[in-house]
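Visitor: Numbering-wise, the sequence shown is residues 54 to 270 according to this note's numbering.
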Amino acid sequence: MTLSIKDLKEQNLILLDTVSGSQAYGLSTPESDTDTRGVFILPQDLYFGFSYIEQVNSDRNDHTYYELGKYLKLLAKNNPSSIELLFAPQETVIYRHPLMEQIKPEHILSRLCRDSFAGYAMSQVKRAKGLNKKIFNPVSDVMPRPIECCHIVEGDRTVATEQWLSQHDFLAERCGLTALPHVRDGYALFYADDYEQGATCLNNWGRITGVRVKLNA
């Protein structure tokens, strides 16, 4: 069995109903719709049955309601969304059942609140920085070839692999790799010809780098 928001309203199952989103914070535009969030209680046949429903959403997820037990679990974790509902300003409250008055903020708030809200804030900062990075340093639509991500270390400098192969008149198809022990993402690069057997390389974050060494044939 499923529940819809229409069912919640028709069966008087909603304990808390609030306006959320841009309408709640005075950031709405003429094109903005009205988002709502709240808390509901399951009817007895579902509560004592095997069809537990912890959340009811609209098709567009602009209306979300948590089952009372689920809501209390979120509060115990000081989840930001649940805390926001707990402190919903009176002007945003469409309906609040007297039962909800039994949930006191002083019984809920803990040091977890600091971690959850600070963690949420930092995640938004990281998202914003990532967005700016994409705006000012757009990623090319053309994926680089694997060899273009590879560099060879010679002395105190690195050389693009294709340049290194050209300088030594080597062919990429004659190169082979084997993992280096005790080196994270490290590889030895071997070249098959009559004069030398390989070169030692290191790899960092998928980039092949290394110091070419000449081995006796």
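From the three backbone atoms N, C-alpha and C, an ideal C-beta is built for every residue, glycine too.
So, for Asp70: in the same chain, excluding its five sequence neighbours on each side, which residues have a beta-carbon less than 7 Å away from its beta-carbon?
Guide: Excluding sequence neighbours, Asp70 sits near Thr89, Gly91, Ile147 and Tyr148.
Visitor: At 3 residues or longer, and completely inside the segment 140 to 203: list those beta strand (DSSP E) runs for me, N to C.
Guide: For the segment 140 to 203, whole beta strand (DSSP E) runs of length 3 or above, ordered along the chain, are 146 to 149.
Visitor: Just to confirm the assignment, what range does the alpha helix (DSSP H) spanning Leu127 have?
Guide: Element bounds for Leu127: Leu121 to Ala129.
Visitor: Alpha carbon to alpha carbon, how far is Ile161 from Gly183?
Guide: Whole-angstrom Cα-Cα distance: 34 Å.
Visitor: Within 10 Å of its beta-carbon, does Val178 have 16 or more other beta-carbons around it, so buried, or fewer, so exposed?
Guide: Under this definition Val178 is an exposed residue.
Visitor: For Phe93, count neighbouring Cβ atoms within 10 angstroms of its own Cβ and tell me buried if that reaches 16, exposed if not.
Guide: The residue is buried, with at least 16 neighbouring Cβ atoms inside 10 Å.
Visitor: If we count the other Cβ atoms within 10 Å of its Cβ and call it buried at 16 or more, is Thr55 buried or exposed?
Guide: So Thr55 ends up on the exposed side.
Visitor: With a threshold of 16 other CB atoms inside 10 Å of the CB of His116, please say whether the residue is buried or exposed.
Guide: Under this definition His116 is a buried residue.
Visitor: Any contact between the segment 95 to 112 and the segment 78 to 86? By contact I mean 3 or more CB pairs, one from each, below 8 Å.
Guide: Flag = no, the segment 95 to 112 and the segment 78 to 86 do not touch.
Visitor: Buried or exposed for Asn65, going by 16 or more other Cβ atoms inside 10 Å?
Guide: That one is exposed.
Visitor: What is the rounded straight-line gap between the Cα of Phe101 and the Cα of Gly122?
Guide: Rounded to the nearest angstrom, the two C-alpha atoms are 13 Å apart.
Visitor: Given Leu95, which residues of its chain have a CB within under 7 Å of its CB, disregarding the five upstream and five downstream residues?
Guide: Counting only Cβ-Cβ distances below 7 Å, and skipping sequence neighbours, we find Ile106 and Glu120.
Visitor: Do Ile200 and Thr214 come within 8 Å of each other at the CB atom, strictly closer than that value?
Guide: Taking 8 Å as the Cβ cut-off, Thr214 and Ile200 qualify as a contacting pair.
Visitor: Quick one: residues in its chain with C-beta nearer than 7 Å to the C-beta of Thr145, no 5 flanking neighbours on either side, listed in chain order?
Guide: Correct list, in chain order: Thr71, Val72 and Ala77.
Visitor: Quick one: grab the DSSP three-state call for Glu107.
Guide: Glu107 falls in the coil class under three-state DSSP.
Visitor: Check whether the Cβ atoms of Leu68 and His150 lie closer than 8 Å to each other.
Guide: Yes, these two residues count as a Cβ contact at 8 Å.
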